[in-house]
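Participant: What follows is a structure written as structure tokens; I'll ask about it next.
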Amino acid sequence: MPSGHSVISQLNLTSFMGRRNIGHFTRRGVPYEQSVRHFAARAFVQTANPPIRARGINHVTLDVSDVKRSVDFYQGLFGMPVINRQGTTSAGLQIGNGPQHLGLSTAGSNAPKINHICLAVDNFNVDRLKTILGRHGITESEAADPMRLRVRMRGPEAGGGKEGTPEFYFRDPDGIVIQLQDPRYCGGAGPLGNICTRPEPSPKKGLIALRNWSHTTNSGSDRARSNKFYQELFGFRIQAYQGPGNPVFGFGNAGQFLAFGAGGGQGAAGTARPGTINHFCMTMDNFNPEKVIKTLESVGIKPRGSAQGTPGPLVHYISMRMENRGGAKEGTPELYFTDPDGLIVQLQDTTYCGGGGVLGNVCI
């Protein structure tokens, strides 16, 4: 856990949350040192007309060991309808009113992981995107290497159109997979993937109602390089800092963001470790950590306790992000739990923007 975080698994937060800022997403300055503000102004000026304009997170896809088990788990907790089925080994679970969703695909013989992030972008056109990415050094190839792109034509056998539904993927400098699609994409048929049948209702009502995506936090070998790459390609604005030199890149109009942390570096043989998507975060109304913890424990998700290292499956914990990392003076509570495969999920308030305040909703 980075410096500036205090981790707790069980805590009476009633009095603390009683002081929370319950206002809407706020673009006010957070109390950083003047040097940090100056660094932000010099290094990361928002691009007025970026090469690619992202409107939000469309979906995040998980590779899981048992798709049915994962569907049952997420539906039991959140009551998510099935918005798409791309063949017999995957399912898309709708978030809020859609088309945003959580994708679940079989990991097969591989270890479970967060496979990729999909961004909804303006003016989706395969040839246009190829040209833009080519200008940024990304070339077309089937090789699973950094700085490569590929287009998948998803056919009817996988829920796509008769002529194929184009799905556009590229790998960033650390090999993290990013998908780009039209904002109306629902994982269905048609040239834009926006033709989906009526969602299949969840057999379970769910205990927490999700509203939308918040963010993903990603680890690479060179944070500064990642920041520069994404800012130049998408023109992301900086909406908060979680420590000096650690910007939160916002896009769209709902406080959504991507964040890049250290965690790659060199492997044992001196080769760069591939980048990873550390966790994803979804939002809910009336976020109260104490109540959420009780709900998680009611479905068998237990406190992590004092265990160190990577958390195992079905545990929960809270990280208090302190003032030196852009949090509240008393700490901003950030709530995490793991699914049946040990993949890390974060839950926050609908107004959360990765900034200060008790709800993390005070941003630049």
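Going by this note's numbering, the first residue of the sequence shown is number -16, and it counts up by one from there. Quick reminder that beta carbons are idealized off the backbone N, C-alpha and C, glycines included.
Is the beta carbon of LEU318 less than 9 angstroms from the beta carbon of PRO272?
Facilitator: yes
Participant: Report the three-state DSSP secondary structure of LYS312 (helix, strand or coil).
Facilitator: Coil at LYS312, not helix or strand.
Participant: Any idea what DSSP makes of ASN93, helix, strand or coil?
Facilitator: coil
Participant: Does DSSP put LYS285 in a helix, a strand or coil?
Facilitator: strand
Participant: ASN67 and GLY59 - do their beta-carbons sit closer together than 9 angstroms?
Facilitator: no
Participant: Considering only the beta carbon of each residue, do LEU193 and VAL275 sit closer than 9 angstroms?
Facilitator: No, they are not a contact pair.
Participant: Thinking C-alpha only, which one of THR180, HIS119, ASN210 and ASN98 is nearest PRO82?
Facilitator: THR180
Participant: What first and last residue would you give for the alpha helix (DSSP H) that runs through ARG181?
Facilitator: Looking at the DSSP string, ARG181 is not in any alpha helix (DSSP H), and its letter there is neither H nor E.
Participant: Between GLN222 and GLY338, is the Cβ-Cβ spacing less than 9 angstroms?
Facilitator: It is a contact, given that the beta carbons lie within the stated cut-off.
Participant: In or out: VAL341 buried (at least 16 other Cβ within 10 Å) or exposed?
Facilitator: buried
Participant: Specify the secondary structure class of LEU132 as computed by DSSP and reduced to three states.
Facilitator: Per DSSP, reduced to three states, the secondary structure at LEU132 is strand.
Participant: Taking ALA172 as the reference, give the member of GLU150, LYS188 and ARG154 with the closest Cα.
Facilitator: Of the residues GLU150, LYS188 and ARG154, the one whose Cα lies closest to the Cα of ALA172 is GLU150.
Participant: Per DSSP, what are the beta-bridge partners of HIS84 in this structure?
Facilitator: HIS42 and GLN77
Participant: What's the gap between the Cα of VAL13 and the Cα of THR200?
Facilitator: Low confidence applies to VAL13: its pLDDT is 38, below 50, so where it sits in the model is not reliable, and the reading given next is rough at best. When rounded, the distance between both Cα atoms is 20 angstroms.
Participant: Distance, Cα to Cα, TYR168 vs PRO296?
Facilitator: 31 angstroms
Participant: Is the CB-CB distance between SER124 and LEU112 below 9 angstroms?
Facilitator: no
Participant: Give the straight-line distance between the Cα atoms of LYS145 and PRO139, rounded to the nearest whole angstrom.
Facilitator: 6 angstroms
Participant: I'd like to check one pair, ALA127 with GLY158: are the Cβ atoms closer than 9 angstroms?
Facilitator: yes
Participant: I'd like the span of the beta strand (DSSP E) that includes PHE217, first residue to last.
Facilitator: No beta strand (DSSP E) holds PHE217; the alpha helix (DSSP H) holding it covers 206 to 217.
Participant: Cα separation between PRO129 and GLY203?
Facilitator: 12 angstroms
Participant: For the putative contact between ILE35 and VAL109, defined by C-beta atoms under 8 angstroms, what is the C-beta separation to the nearest angstrom?
Facilitator: The Cβ separation is near 13 angstroms, so there is no contact.
Participant: Between HIS119 and the rest of its own chain, which residues show a CB-CB distance below 8 angstroms, the 5 nearest in sequence each way excluded?
Facilitator: PRO34, PHE212, GLU215 and LEU216
Participant: Just the C-alpha distance for ASP49 and ASP322, rounded to the nearest angstrom, thanks.
Facilitator: 12 angstroms
Participant: Quick one: Cα of TYR224 to Cα of ASP46, how far?
Facilitator: 30 angstroms
Participant: Cα separation between MET305 and GLY228?
Facilitator: Rounded to whole angstroms, MET305 to GLY228 spans 16 angstroms at the Cα level.
Participant: Take the Cβ of GLY267 as the centre, count every other Cβ of all protein chains shown within 10 Å, and call the residue buried at 16 or more, exposed below.
Facilitator: Per the sequence presented here, residue 267 reads as Met, with Gly not at that position. So MET267 counts as buried.
Participant: Where does the unbroken alpha helix (DSSP H) through ILE115 begin, and where does it stop?
Facilitator: Run containing ILE115: 109 to 118, per the alpha helix (DSSP H) assignment.
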